[in-house]
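Using UniProt numbering, read the sequence shown as starting at 1 and increasing by one per residue. Structure first, then comments.
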Amino acid sequence: MATLLMRLQGPLQSWGTTSRFDERDTQLEPSKSGVLGLVCAALGRDRSEPLADLAALRMGVRVDREGVPMRDYQTATGVLIATGKADLRRTVVSPRFYLADAAFLVGLEGEDEGLLARIHHALRAPVWPLALGRKSFVPGMPVWLADGLSTLSLEQALAAYPCLAAPQWADRQQPLRCLLEDEQEGAIRLDQPVAPFAERRFGPRFVKSGVLHASDQTDA
């Protein structure tokens with residue numbers, strides 16, 4: 001068993017799981033579908049290619065800095081209507097939600113150390129640009145961590161790694177919120193890919209919430 005850690009930190013992030021029609025939501029932490037999409041971009045894996053090997057990895061997230069939920073909107077004209085024609089008189093408003101100034105330590109755990117090593121290498125020299133949930137939301141810091149590949153378990157790796165961001169509170173021992181994928185219990189999240197991304201099919205997974213006392217050394 002091995003764990004790969006990555007840093008998801010930037011001015012803006014968005015991790016939607018329930019978006020429908022014109023409204024685009026975001027979770028308060030990275031979604032598994034979003035993280036695996038980032039991994040596929042690094043590997044150069046097309047949206048039509050299978051990703052069962054990546055979906056089988058167990059994911060955990062340590063929240064080193066909570067993001068500030070924000071909202072804006074986009075407008076579009078010439079949108080197709082039921083007749084199949086574009087209505088140039090109609091303007092569609094699309095609310096968009098995102099997180100500002102968040103920092104997450106994300107871990108992927110699996111038995112295939114070779115796969116994790118390939119992902120680790122790809123994050124350093126990605127085939128396609130990486131994004132934090134949306135193409136325009138580029139990472140503010142490298143996703144690749146030089147010491148991100150570990151033989152520790154997911155829980156141990158997340159607890160042992162130095163904090164990615166300066167503490168939000170005066171007390172450096174303030175516990176950090178953590179979410180760990182579980183086989184049997186926890187909150188249900190509908191972000192587990194069950195087919196290639198081109199098919200946009202996602203199933204449920206269990207996620208347990210807790211806290212970790214991470215190292216009080218801030219990672220540079």
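Note that the Cβ used here is the ideal one computed from N, Cα and C, for glycine as well.
Are at least three pairs of beta-carbons, each pair with one atom in the region 138-151 and one in the region 55-62, less than 8 Å apart?
-> The region 138-151 vs the region 55-62: no contact.
Have a look at residue 175 and residue 91 and give me their C-alpha separation to the nearest angstrom.
-> Rounded to the nearest angstrom, the two C-alpha atoms are 46 Å apart.
Proximity to residue 221 [Cα-Cα], best of 155, 140 and 184 | As shown, the chain starts at 1 and ends at 220. That puts residue 221 outside it, with no answer to give.
Tell me whether residue 53 sits in a helix, a strand or coil according to DSSP, three-state version.
-> DSSP, reduced to helix, strand and coil, places residue 53 within a helical segment of the structure shown.
Collapsed DSSP secondary structure at residue 183 in the structure displayed = Assigned with DSSP and collapsed to three states, residue 183 falls in coil, not helix or strand.
How long is the line joining the alpha carbons of residue 195 and residue 120, rounded to whole angstroms?
-> About 23 Å.
Segment contact flag, the region 97-112 with the region 26-35, C-beta cutoff 8 Å, min 3 pairs | Touching, yes.
Collapsed DSSP secondary structure at residue 169 in the structure displayed = Unreliable placement is indicated for residue 169, whose pLDDT of 49 sits below 50; the coordinate value is still reported in the next sentence. DSSP places residue 169 in the coil class of the three-state scheme, outside both helix and strand.
Just the Cα atoms here: how many angstroms apart are residue 208 and residue 125?
-> Counting only the Cα atoms, residue 125 lies some 32 Å from residue 208.
Can you check the region 76-156 for any beta strand (DSSP E) of at least 3 residues that lies completely inside it and give the ranges in chain order?
-> Those beta strand (DSSP E) runs which fall completely within the region 76-156 and span 3+ residues are 86-110.
Below 7 Å CB to CB, which residues in the same chain sit around residue 169 once its five sequence neighbours on both sides are set aside?
-> Low confidence applies here, because residue 169 scores a pLDDT of 49, under 50, leaving its location unreliable; read the following figure in that light. Excluding positions up to five away in sequence, the list is empty.
Beta-carbon separation (whole angstroms), residue 1 vs residue 181, contact threshold 8 Å = Actually they do not touch by this definition, with Cβ atoms about 14 Å apart.
Helix, strand or coil for residue 207 per DSSP?
-> Here residue 207 sits in strand by DSSP.
Which one or two residues does DSSP pair with residue 68 in a beta bridge?
-> Residue 68 pairs with 100.
Cα-Cα separation, residue 185 to residue 36 | Going from the Cα of residue 185 to the Cα of residue 36 covers about 22 Å.
Take residue 47 and list the residues in its own chain whose beta-carbon comes closer than 6 Å to its own, dropping the five residues that flank it on each side.
-> Taken in chain order, the residues that qualify are 197 and 198.
Residue 104 and residue 30: beta carbons closer than 8 Å?
-> Yes, they are a contact pair.
Measuring CB to CB, does residue 32 end up less than 8 Å from residue 6?
-> Result no, Cβ atoms of residue 32 and residue 6 do not sit closer than 8 Å.
Alpha carbon to alpha carbon, what distance is there between residue 72 and residue 108?
-> Using only the alpha carbons, I get a separation of about 32 Å.
Residue 8, DSSP secondary structure in three states | It is a strand residue.
With residue 42 as the anchor, note down where its alpha helix (DSSP H) starts and where it stops.
-> Here the alpha helix (DSSP H) through residue 42 covers 32-43.
Going by the beta-carbon positions, is the gap between residue 38 and residue 131 smaller than 8 Å?
-> Yes. Within cutoff.
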